[in-house]
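Engineer:
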Amino acid sequence: MPDKGGREGLGWVEEFLLQRQKENLLRTLKPVVSLGQGKIRINGRDCFDFSSNDYLGLAGHPELVAASNRMTESCGTSSSASRLMSGDLEIHHELEEETARFKGKEAALIFNSGYQANLGIINSLCGAGDGIFSDRLNHASIVDGILLSGARFFRFRHNDMDHLEFLLKNHRHKFKKALIITETIFSMDGDRPPLSALVELKDKYKALLMVDEAHATGIFGEKGSGVVEEEGLIDSVEIIMGTFGKALGSFGAYVASSRRLIEYLVNTSRSFIYSTALPPSVIGANIAALRLVREAPHRRKDLLDNACYFRESLKDNDIEIRGSSQIVPIIVGESDSAIKASQRLEDRGFWVVPVRVPTVPTGEARLRISITFHHSKEVLSKLLEAIDEVLKVQVLK
Ligand SMILES: *Cc1c(COP(=O)(O)O)cnc(C)c1O
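Residues 2 to 398 (our numbering) make up the sequence shown, in order.
#1: Which two residues bound the contiguous beta strand (DSSP E) that contains L85?
#2: Buried or exposed: where does V353 fall if 16 or more other Cβ atoms within 10 Å of its Cβ makes it buried?
#3: For the pair the segment 103-114 and the segment 264-283, tell me if three or more CB-CB distances fall below 8 Å.
#4: Hey, is the segment 284-300 in contact with the segment 66-86, meaning 3+ C-beta pairs nearer than 8 Å?
#5: Would you kindly work out how many angstroms separate the C-alpha atoms of G39 and N25, rounded to a whole number?
#6: Look at L169 and G146 and say whether their C-beta atoms are less than 8 Å apart.
#7: If you measure from the CB of Y116, is any heavy atom of ligand 1 nearer than 7 Å?
#8: Could you give the DSSP three-state label for F187: helix, strand or coil?
#9: Taking only the alpha-carbon atoms, compute the straight-line gap between I235 and A289 and give it to the nearest angstrom.
#10: When you compare the CB positions of T100 and Y255, do they come within less than 8 Å of one another, or not?
#11: Name the DSSP beta bridge partners of I41, please?
#12: Distance check for E390 and K203, CA to CA, integer angstroms please.
#13: Can you confirm whether the segment 350-368 touches the segment 166-181 when touching is taken to mean that 3 or more C-beta pairs between the two stretches lie within less than 8 Å?
#14: Keeping to the same chain, check which residues put their C-beta closer than 6 Å to that of E347; ignore five residues upstream and five downstream.
#15: Could you tell me which residues DSSP pairs with T277 in its beta bridges?
#16: Roughly how many angstroms separate the alpha carbons of F187 and L138, rounded to a whole number?
#17: Could you pull the start and end residues of the alpha helix (DSSP H) that Y310 belongs to?
#18: Quick one: is the Cβ of D213 within less than 7 Å of any heavy atom of ligand 1?
#19: Excluding the 5 residues preceding and the 5 following E97 in the sequence, name in chain order all residues of the same chain whose CB lies nearer than 8 Å to its CB.
#20: Cα separation between P298 and K224?
#21: Starting from the C-beta of R349, find all residues in its chain whose C-beta is less than 7 Å away, skip the five residues before and the five after it, and write them out in chain order.
#22: Keeping to the same chain, check which residues put their C-beta closer than 6 Å to that of Q117; ignore five residues upstream and five downstream.
#23: Assuming I123 is part of the alpha helix (DSSP H), what are its boundary residues?
#24: Using the DSSP secondary-structure output, state which residues sit across from M242 in a beta bridge.
#25: The alpha helix (DSSP H) spanning R71 covers which residue range?
#26: For S53, is the beta carbon positioned less than 7 Å from some heavy atom of ligand 1?
#27: Measuring straight from C-alpha to C-alpha, what distance separates S206 and C48?
#28: Just to confirm the assignment: which complete beta strand (DSSP E) runs, minimum length 3, are found wholly within the segment 331-365?
Quick look at the structure:
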């Protein structure tokens, strides 16, 4: 390992980068031109984009663009201060009231991103002397929030309620407060947790339950508000967070909860307090996105219908997949195989990212296919053909 504390200037940076490159783990940025309708130009080639989180195809929707422009015209390009200074515009409150109604909770609070929301919420709810029980596959922003809080950190095996109960039974009594955290659609596996079992456990062990609906918001549930709504558990989950940056086609994040808990966060959540409020353009797009989710339910229905078709077709072709949502991971195994498969799909005009360690466990490298509203059954069947070819080539080789 490079010695970060060494005296040789930046030599350790060079060592680190070379090492990453040798292991085929070097991350690099690739400029993209958005062509709209689910297509991008990348590495000089036009591709269908299967790595986007714009699940409902709302980024670039004329109503979001118009709302965003109108808000800039009337309120300017910046909020000019944090919410507790003079950046607290009326439109922030309008969006928060809309969000609370959407999620079926008393109140909501806007954060500048999902990353900042998880940091700010978790760090403000828990501290030294508390215990946090987190699914092992939870997003990095949740992990970072827990580490920042200084609470004792327990990871339970993915969606394993026996393991969670084992941990609660052995450790819950040591802490004043206990917080259980899960995602409702897991970003790299596309599956969901047994939510009602989680609710039972948090009641039994007098803990709080927080869920991250980043990949569920706008897609699941009768109103499209997420998995918590779909499973009828809104009143049983104390803290529901999610983002505007994925299916809602915009940017920023929210937490929905009781009015008093929101007041508590306004007073204690450092990533909320010490950051300039989201600009009017973003708030305008967010309000328009919530309206579209309400008024255009066919978008989520078509999306889930197409995702179901895609999953069933892969299964029919004996390809190993995970989950049950618009995120479809194809497990390939080794990092090298995932990289090669992704390259071959790119050659055929499909942009599919390989996901490898450290994002997923060793030996579980995968192609993560993210289906959006723009991908018709016709496009999906072309992708199916390409996947079949590409994976066959790999097996034969
Ligand atoms: C994307 C994501 C976040 C972060 O949200 P941003 O708004 O992109 O910062 C948080 N949690 C999960 C599960 C995510 O997938």
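Cβ atoms here follow ideal geometry from the backbone N, Cα and C, with glycine treated the same way.
Structural biologist: In this structure, then:
#1: Here residue 85 corresponds to residue number 84 of the sequence shown, with the count starting at 1. Unbroken run through L85: none, as it is neither H nor E.
#2: Numbered from its first residue, the sequence shown carries residue 353 at position 352. Buried is the call here.
#3: Yes: the two stretches touch, three or more of their Cβ pairs being nearer than 8 Å.
#4: When C-beta atoms of the segment 284-300 are compared with those of the segment 66-86, three or more pairs fall below 8 Å, so the two segments count as touching.
#5: Translated into positions along the sequence shown, residue 39 becomes position 38. Translated into positions along the sequence shown, residue 25 becomes position 24. Each residue's Cα considered, the two are about 28 Å apart.
#6: As a first step, residue 169 is located in the sequence shown; it is residue number 168 there, counting from the start. As a first step, residue 146 is located in the sequence shown; it is residue number 145 there, counting from the start. Cβ atoms of L169 and G146: not closer than 8 Å.
#7: Here residue 116 is taken as the residue at index 115 of the sequence shown, counted from 1. Yes, the Cβ of Y116 comes within 7 Å of a heavy atom of ligand 1.
#8: Translated into the one-based positions of the sequence shown, residue 187 becomes position 186. If DSSP states are grouped into helix, strand and coil, F187 belongs with coil.
#9: Here residue 235 refers to the residue found at position 234 when the sequence shown is read from its first residue. Here residue 289 refers to the residue found at position 288 when the sequence shown is read from its first residue. Approximately 23 Å, taken between the alpha carbons.
#10: Position 99 of the sequence shown, counting from 1, holds the residue named residue 100. Position 254 of the sequence shown, counting from 1, holds the residue named residue 255. Going by C-beta atoms, T100 is nearer than 8 Å to Y255.
#11: In the sequence shown, residue 41 corresponds to position 40, counting from 1. When DSSP reads this structure, I41 sits in a beta bridge with S35 and C48.
#12: Start at 1 with the first residue of the sequence shown, and residue 203 comes out as number 202. Start at 1 with the first residue of the sequence shown, and residue 390 comes out as number 389. Answer to the nearest angstrom: the Cα atoms are 47 Å apart.
#13: Cβ pair count under 8 Å is below three, so no.
#14: Here residue 347 is taken as the residue at index 346 of the sequence shown, counted from 1. Cβ contact annotation for E347 (same chain, cutoff 6 Å, sequence separation greater than five): none.
#15: Locating residue 277 in the sequence shown gives position 276, counting from the first residue. T277 is bridged to S83.
#16: What you label residue 187 is simply residue 186 of the sequence shown in a count that begins at 1. What you label residue 138 is simply residue 137 of the sequence shown in a count that begins at 1. Each residue's alpha carbon lies about 7 Å from the other.
#17: By 1-based counting over the sequence shown, the position of residue 310 is 309. H299 to D317 is the span of the alpha helix (DSSP H), which, as asked, contains Y310.
#18: Looking up residue 213 in the sequence shown gives position 212. Because some heavy atom of ligand 1 lies under 7 Å away, the Cβ of D213 counts as near it: yes.
#19: For the purposes of this step, residue 97 is taken as residue 96 along the sequence shown, with counting starting at 1. Cβ within range, chain order: A108, A109, L110, I111 and Y255.
#20: Mapped onto the sequence shown, residue 298 falls at position 297. Mapped onto the sequence shown, residue 224 falls at position 223. P298 and K224 have their alpha carbons spaced roughly 8 Å apart.
#21: Position 348 of the sequence shown, counted from the first residue, corresponds to residue 349. Around R349: A387.
#22: Along the sequence shown, read from residue 1 onward, the residue named residue 117 stands at position 116. Excluding its 5 nearest sequence neighbours in each direction, Q117 has C-beta neighbours in its own chain below 6 Å: S272, listed in chain order.
#23: Translated into positions along the sequence shown, residue 123 becomes position 122. Run containing I123: G115 to L126, per the alpha helix (DSSP H) assignment.
#24: Working through the sequence shown from its first residue, we reach residue 242 at position 241. Note: M242 sits in a beta bridge opposite D213 and V256.
#25: In the sequence shown, residue 71 corresponds to position 70, counting from 1. Start and end: P63 to C76.
#26: Within the sequence shown, the letter at position 52 stands for residue 53. Not so, every heavy atom of ligand 1 lies at least 7 Å from the Cβ.
#27: Against the sequence shown, residue 206 aligns to sequence position 205. Against the sequence shown, residue 48 aligns to sequence position 47. Note on identity: in this sequence residue 206 is Tyr, with Ser being the wrong assignment. So the alpha carbons of these two residues sit roughly 50 Å apart.
#28: Listed in chain order, the complete beta strand (DSSP E) runs (minimum 3 residues) inside the segment 331-365 are 354-356.
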